[in-house]
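For the record, in the first sequence the residue sitting at position 275 is 763 according to my numbering, with numbers rising by one throughout. From the three backbone atoms N, C-alpha and C, an ideal C-beta is built for every residue, glycine too. Heads up, the thing below is written out as structure tokens.
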Amino acid sequence: MNALSIEEVKKLIDEYGIAEGKKEEVKGLPPLPNTEGWKVIVTRFAPNPDFVIHLGNARAALLSYEYARLYNGRFVLRFEDTDPRIKRPLPEAYELIREDLKWLSIRWDEEYIQSLRMELYYGTAKKLLEIGAAYVDLCSPDTFRELRNLGKACPHRDEDPSISLERFEKILMGEYGEGEAVIRIKTDLSHTDPAVRDWVMFRIIDTTKYPHPLTGDRYRLWPTYNFAAAVDDHFMGVSHVLRGREHTLNTLKQQYLYRYLGWRYPEVLNFGRVGIEGFILSKSWIKTQLKDNPEKFMGFDDIRFATLSSLRRRGIAPETIKQIIMELGVRGVDAKISWANISAVNRKTLDPRSKRVFIVCNPIKVIIRGLEAPLKVVIPFHPTNDLGSRAFTMSRPEVYISKDDLQHLVRTGCIRLMEFANIRYINTASDGIVEAEYLSKGLEDAKKLGAQIVQWVPVESAIKVVIHRAHNGKLKRMVCIGENSLLELQQGEIIQMVRLGFGRIDRIKRDSITVVYSHE
RNA sequence: GCCGCGGUAGUAUAGCCCGGUCAAGUAUGCGGGCCUUUCGAGCCCGUGACCCGGGUUCAAAUCCCGGCCGCGGCACCA
């Protein structure tokens, strides 16, 4: 290399540069490992419907979905609701999750609910019991743990399969209570990680006490996550599993089951956690807070949470979420996304398609002399894109501007009311009302004068605008004044409040609206 | 404590497997300029990083060892 002339080096750089560029185009997502040998690439998203999903879940969902699409494969949605006791499913969560996914433009080819597939799990369990790969364990949790930590077998491990099968039937008949029996898979009692040793495939849950929202008290014997997920992944033909790092050990556990049954284990990709700076991600934390201090929050979609419903309410576009997640990729390290980064992406997404409206905080009334009334000012909602327009009609030339902008007016002597008129300051009356004089209409004058261009609202048609904003983990409420065209917008619409920032219309009432502040 | 994974600019990410295209790319942030009826968008310029210490090698962000730091798991949760 060092022997090459500068020309030659340049040539090499050029060549490689071109090759690099080509690679980039095909790329996007890094290729999945070991795609060969799978007739069709199948991925799945398997949430627990105990609550709405958050950004971390969105990562699993989006990556899985995008990979399935990339390889022309199938994408499966599977609800993992096999714990009616500790992680009791929330009946409405099934539909809320579906809606969140649709919002992200995710479409699934198949949908399954685990609590509706119990017979399949029982059948597989029976098979494992028959071949002696699993056993019914009647030891107390403490006793088992003690033996397991010593690497010793529990007395039931070596009993004849027929005994376990008999007990299995008895469990199904309801002859054992909660905690009295559990079904374990035989793994390696000397495995370095005790958690792997003979892990639990099924446990008994008293569904008369803890009825399942879908199946009531029909089943008492419930598969654990590792069993149900493993069995389903096989029968659904899942080729690639993309899930969080917290599942690393589960892969190891589930592989024992696959070995016994001669199944091929899917390829696994474990990625790190995603969080947003200053946002709350933990589902369980949110749930307990909502239960203990409901008055402190706006509901399950409080704008300080990192759930998808919260981000949506905050005015974050699905495209933004998608872009952020895709940029993260499948890396195994945790990522804390900065809000500045999300805002920037969101701003670019929304700028071309959000209506620009006038909202004034800390309003000061300005009376403009030298203008003929009535007046009509038509302003388009967007300077370059056709998003329609609205008309401001005034029977008298009185407008609100913000207190901060009044400073400009006083200091520099003049300001420009955007898209309307250039005005000159005269004085401020004792009641705080400002008197100003009409100067001219053209923008050129404003530029010549170096006048600040500000948003404004006609006094006679102003409406109340309540802005909710999250700041340093606290909710803030600001009451401002806005143009009346806001009442004609759609609830849920994202607007650009000129010079204030982006926001989403949270609620529209007869003569006022509530806006959630997104970001600058 | 035990087991496992990882550490690239303020943040996120590319490169690491297969050592020389890396005097490290991209986005965002920050500084400056241009443009523009917003303090928004766009365009241009600039800023800023391979956790530390050894080793292997002609050559290390990339391979090896040690340290430090961060994270995950150690459930009859998912």
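ask   = According to the neighbour-count rule (16 or more other Cβ atoms, all chains shown, within 10 Å of its Cβ), is Ala622 buried or exposed?
value = Ala622 should be labelled buried.
query = On the premise that Arg733 lies in contact with Gly820, defined as a C-beta separation below 8 Å, what is that separation, rounded to the nearest angstrom?
reply = Yes, Gly820 and Arg733 are in contact; Cβ-Cβ is about 6 Å, under 8 Å.
query = Taking Cβ positions, are Leu799 and Ile813 nearer each other than 9 Å?
reply = Against a cut-off of 9 Å, the Cβ pair of Ile813 and Leu799 comes out as no contact.
key: Sequence-distant residues of its chain with Cβ nearer than 7 Å to Arg636 (five each side left out)   = Excluding positions up to five away in sequence, the list reads Pro682, Arg685, Asp686.
request  = Over the uninterrupted beta strand (DSSP E) stretch that includes Leu913, give me the two end residues.
outcome  = Residue 913 is actually Tyr in this sequence, not Leu. For Tyr913, the enclosing beta strand (DSSP E) has its first and last residue at 909-916.
task = Could you work out which residue in Asp994, Ser890, Arg965 is closest to Gln978 when comparing CA atoms only?
result = With distances taken between Cα atoms, Gln978 lies closest to Asp994.
inquiry  = One question on the structure: do Pro1004 and Gly876 come within less than 9 Å of each other, judged by their Cβ atoms?
reply    = Before going on, a small fix: residue 1004 reads as Val here, not Pro. The Cβ atoms of Val1004 and Gly876 do not sit closer than 9 Å to each other.
key: Beta-carbon proximity list for Ala534, same chain, < 7 Å, skipping 5 on both sides   = Hits under 7 Å: Arg566, Glu568, Ala717.
query = What's the C-alpha gap between Pro629 and Arg605?
reply = When rounded, the distance between both Cα atoms is 27 Å.
request  = May I have the straight-line CA-CA distance separating Val530 from Ala548, to the nearest angstrom?
outcome  = Cα to Cα, the separation comes out at about 14 Å.
key: Residue environment, Gln895, which counts as buried when at least 16 other CB atoms sit within 10 Å   = Gln895 comes out exposed.
request  = With distances taken Cα to Cα, identify the nearest neighbour of Leu897 among Asn536, Leu863, Ala939.
outcome  = For Leu897, the nearest C-alpha among the options comes from Ala939.
Residues near Phe869 in its chain [Cβ-Cβ closer than 8 Å; skip 5 each side] = Result list for Phe869: Lys843, Arg844, Val845, Leu875, Gly876, Ser877, Arg878, in chain order.
Cα-Cα separation between Gly1041 and Tyr698, rounded to whole angstroms = Summary: the structure shown does not reach residue 1041, with the chain confined to residues 489 through 1008, and so no result is reported for it.
request  = Take Asp919 as the anchor and find which of Ile852, Ala958, Ser650, Phe539 has the nearest alpha-carbon.
outcome  = Checking every option, the nearest Cα to that of Asp919 belongs to Ile852.
ask   = For Arg792 versus Ile825, is the C-beta distance shorter than 9 Å?
value = For the pair Arg792 and Ile825, the CB atoms are not nearer than the 9 Å cut-off.
request  = Check Ala683 in the structure and name its three-state DSSP category.
outcome  = Under the three-state reduction of DSSP, Ala683 is assigned to helix.
ask   = Is Gln979 helix, strand or coil when you go by DSSP?
value = In the structure shown, Gln979 sits in coil (DSSP, three-state: anything other than H, G, I, E or B).
task = Figure out for me which residue from Ile651, Gly639, Arg912 has the closest Cα to the Cα of Thr680.
result = Checked all of Ile651, Gly639, Arg912; the closest Cα to Thr680 is Gly639.
query = So, is Leu796 buried or exposed, given that buried needs 16 or more other C-beta atoms within 10 angstroms?
reply = Looking at its Cβ environment, which holds 16 or more other Cβ atoms inside 10 Å, Leu796 is buried.
query = Which residue comes first and which comes last in the beta strand (DSSP E) that contains Trp710?
reply = That run of the beta strand (DSSP E) goes 709-711.
Reduced DSSP category for Leu492 - H, G, I as helix; E, B as strand; rest coil = Because the pLDDT at Leu492 is just 35, under 50, the model does not fix this residue reliably, and the point stays unresolved.
query = With 16 as the cutoff for other CB atoms within 10 Å, does Asn873 come out buried or exposed?
reply = Taking a 10 Å sphere around the C-beta of Asn873, we find fewer than 16 other C-beta atoms and assign the residue as exposed.
request  = State the beta-bridge partners of Glu902 as determined by DSSP.
outcome  = Checking the sequence shown, residue 902 turns out to be Cys, not Glu. Cys902 has Arg912 as its beta-bridge partners, per DSSP.
ask   = Considering only the beta carbon of each residue, do Arg708 and Gly662 sit closer than 9 Å?
value = In this structure, Gly662 lies closer than 9 Å to Arg708 by Cβ.
key: Closest by C-alpha distance to Ala924, when choosing among Glu907, Gly930, Thr900   = Ala924 has its Cα closest to that of Thr900, out of Glu907, Gly930, Thr900.
task = Give the straight-line distance between the Cα atoms of Gln602 and Lys590, rounded to the nearest whole angstrom.
result = In this structure, the CA atom of Gln602 is about 21 Å from the CA atom of Lys590.
inquiry  = Using only CA atoms, which one of Val756, Val670, Ile693 lies nearest to Thr485?
reply    = Given a span of 489 to 1008 for the chain in the structure shown, any question on residue 485 remains unanswerable.
query = Is there contact here, the stretch 611-627 with the stretch 570-587, by at least three beta-carbon pairs under 8 Å?
reply = The stretch 611-627 vs the stretch 570-587: no contact.
query = At what residues does the alpha helix (DSSP H) containing Phe656 begin and finish?
reply = First-last of the alpha helix (DSSP H) with Phe656: 649-661.
query = When the Cα of Val848 is compared with those of Met966, Pro840, Ile914, Lys741, which residue comes out closest?
reply = Check the Cα spacing between Val848 and each of Met966, Pro840, Ile914, Lys741: the tightest is with Met966.
key: Entirely enclosed alpha helix (DSSP H) segments - the stretch 725-759, minimum 4 residues   = Entirely contained in the stretch 725-759, the alpha helix (DSSP H) runs reaching 4 residues are, in chain order, 736-749.
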